[in-house]
Amino acid sequence: MSGAVDTARAGRGYQVWVTGLLSLNFGILFFDRNALNFLMPFVQPDLGLTNTQVGLFSSALSLTWALSGFVVGRVSDRLGAQKAVVVVATLAFCLCSVVSGFATSFLMLLGARLLMGAAEGGVMPVSHAMIVGEVAPERRGLAMGVAQNLGSNLLGSGLAPILLVPLAVAYGWREGFYLAAAPGVITAALIWFTLREPPAVAHEGNAPKVTLREAFGHRNVVLCALIAILLVSYLVVCWAFMPLFLTKGRGFDPGTMGWLMATLGLSAGIGSFAVPALSDAIGRRPVMIGFSFLGAILPLGALYYGGSAWMLGAIFFFGWALNGLFPMFMATIPAESVDPRLTATLTGVVMGIGEVLGGVLSPFLAGFLADAYGLAAPIWLMLVLCLVAGVLALGLVESAPSVVARRGRASLAAHSPEIVPTV
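When the sequence shown is numbered by our numbering, its final residue is 418 and no position is left out of the sequence of numbers.
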């Protein structure tokens, strides 16, 4: 592009295709990321892994994921080569999945997971930047929610265990990693051949791009980074300790525990478009506040509800709706608050902070609390995390374009002098 800022957006059909394809690609990425979790009962005895080594795989991937999100996001923003970055990263994580299948030792598998985190971490920040460049502002929250949450939950949390576990039983765990790698090659080709490089995003008449330091001078960016730490911790602690608490602490059989946890994937899939779409209509701030506090019913239900498992499943479903907030505090609100041209960088930074301080450290804290005070302690930690996130959300400044524009028109009308017709 010859220095001019191209603000032309494609038609609505292409906007839907961009969003759907990037959601599918991120879902396949999460399928790869979660594959080791579901295959671990087969991997651990085969490679002779200790439980500490098993935990290191998750921490290592979260760490390199976070660092990659920051670095790749900045590189993409500077080069303006978003499509190429997503394609290369997608092919790289497919290769890492294959290498995981070849692993014959702890160190080889650990190296593959470190590289996989480095490859995958940059995909979502750059995908969000592509959506900001292609999707109309009034549908931006919905599109970013679908891209980040729909595919990842339906494929990574729902389909992955259904496919991988029977495959591992029938043929072995290595074939599971090979299966996880194949679809990414297809989506990489579709992205390369069917998507264009998004146009540069105009911002206030070609104003100078805001620096990262200036961006973190905005209250919304700081608050979103803090909320990311809290809610990523909520997510990780729930997946790590809720199954143990339900079976050992509450006495549910494994089958009941399994479908209770499956309701979380269903909730997140629906919330991926319902929650951001609601924020497009009524505003980011009230949705961030309401759904953060709504998340409290999940740990409280797990701790105290003594009725039917079906009703507990409903409590889990609605409590887990806060998962729909993730694309909002990781990408939408920071980008809208400062400069949409920094979308990939800001997403990488906020996601990275959440992954490092939430995804890496919170499992260790929850495990320490569980050893010291029992399996209910991590569930109490979840309650505290979402309540503090809700309190922080009270400080957000509204950023939804349609809501801000509507308030601006209302304010202008309220302060405009009444025109008295002359005779």
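Don't be surprised by glycine CBs; every beta carbon is placed ideally from N, CA and C.
For clarity, every value in this text was computed on a predicted model and none was experimentally measured.
Suppose only complete runs of 4+ residues qualify. What are the alpha helix (DSSP H) ranges in the stretch 82 to 138, listed by chain order?
For the stretch 82 to 138, whole alpha helix (DSSP H) runs of length 4 or above, ordered along the chain, are 101 to 115, 118 to 129.
Tell me whether Y368 sits in a helix, a strand or coil according to DSSP, three-state version.
In this structure, Y368 counts as helix in the three-state DSSP scheme.
Counting beta carbon pairs with one atom in the stretch 259 to 272 and one in the stretch 307 to 324, are three or more of them shorter than 8 Å?
With the cut-off at 8 Å, the stretch 307 to 324 and the stretch 259 to 272 touch.
Taking one C-beta from the stretch 365 to 385 and one from the stretch 286 to 293 each time, how about it: are there three or more such pairs within less than 8 Å?
In short, these stretches touch, since the Cβ pair count reaches three.
If you follow the alpha helix (DSSP H) that R169 is in, where does it begin and where does it stop?
R169 -> alpha helix (DSSP H) spans 168 to 189.
With a threshold of 16 other CB atoms inside 10 Å of the CB of S18, please say whether the residue is buried or exposed.
Buried.
Return helix, strand or coil for P40, following the three-state DSSP convention.
Reduced to three states, the DSSP call for P40 is helix.
So, at 7 Å on beta carbons, what are the nonlocal neighbours of L34 in its own chain, with the 5 sequence-adjacent residues on each side left out?
The answer, listed in chain order, is L159, A163, W168, G171.
What did DSSP end up calling G15 once you bin it into helix, strand or coil?
Helix.
Could you give the distance in angstroms between the alpha-carbon of G153 and the alpha-carbon of G212?
Approximately 39 Å, taken between the alpha carbons.
Which whole-angstrom value is the C-beta distance of I374 and A291, which I expect to be below 8 Å?
With a Cβ gap of about 11 Å, I374 and A291 do not count as contacting.
L137 and F324 - do their beta-carbons sit closer together than 7 Å?
For F324 and L137, no; Cβs fall outside 7 Å.
Mind checking E129: buried by the 16 CB within 10 Å criterion, or exposed?
Buried.
By the three-class DSSP mapping on this structure, what secondary structure does G301 have?
DSSP places G301 in coil when its eight states are reduced to three.
Can you look up T45 in the DSSP assignment and give me helix, strand or coil?
The answer is coil: DSSP assigns T45 none of H, G, I, E or B.
With respect to the alpha helix (DSSP H) encompassing W234, which residues constitute its N-terminal and C-terminal limits?
Note, W234: alpha helix (DSSP H), 214 to 239.
Under a three-way DSSP split, which group does L154 fall into?
If DSSP states are grouped into helix, strand and coil, L154 belongs with the helices.
So P322 and G140 are in contact, right, with Cβ under 8 Å, and what is the actual spacing, rounded?
With 8 Å as the limit, P322 and G140 qualify as a contact, their Cβ atoms being about 5 Å apart.
By DSSP, does A405 sit in helix, in strand, or in coil?
Three-state DSSP puts A405 in a helix.
Three-state secondary structure (DSSP) at R7?
Helix, per DSSP.
Quick check on the DSSP output: the alpha helix (DSSP H) that includes A330 runs from which residue to which?
Taken as a continuous stretch (DSSP letters only), the alpha helix (DSSP H) holding A330 covers 328 to 332.
Does DSSP put V392 in a helix, in a strand, or in coil?
Note: V392 maps to coil in three-state DSSP.
My understanding is that N144 touches N318, with C-beta atoms under 8 Å, so please give their C-beta distance in whole angstroms.
6 Å between Cβ atoms; contact.
Compute the Euclidean distance between the alpha carbons of M119 and V80, then round it to the nearest angstrom.
Computed Cα separation, rounded: 11 Å.
Check whether the stretch 49 to 63 touches the stretch 105 to 112, taking contact to mean three or more Cβ pairs, one atom from each stretch, closer than 8 Å.
Cβ pair count under 8 Å is three or more, so yes.
Of all the options L352, P161, M125, which has the alpha carbon lying nearest to the alpha carbon of L221?
The option with the nearest alpha carbon to L221 is L352.
Rounded to whole angstroms, what's the CA-CA distance from G179 to A367? Just pull it up for me.
For G179 and A367, the distance between alpha carbons rounds to 42 Å.
Tell me the rounded alpha-carbon separation between G146 and I23.
If I take the Cα positions, the gap works out to 7 Å.
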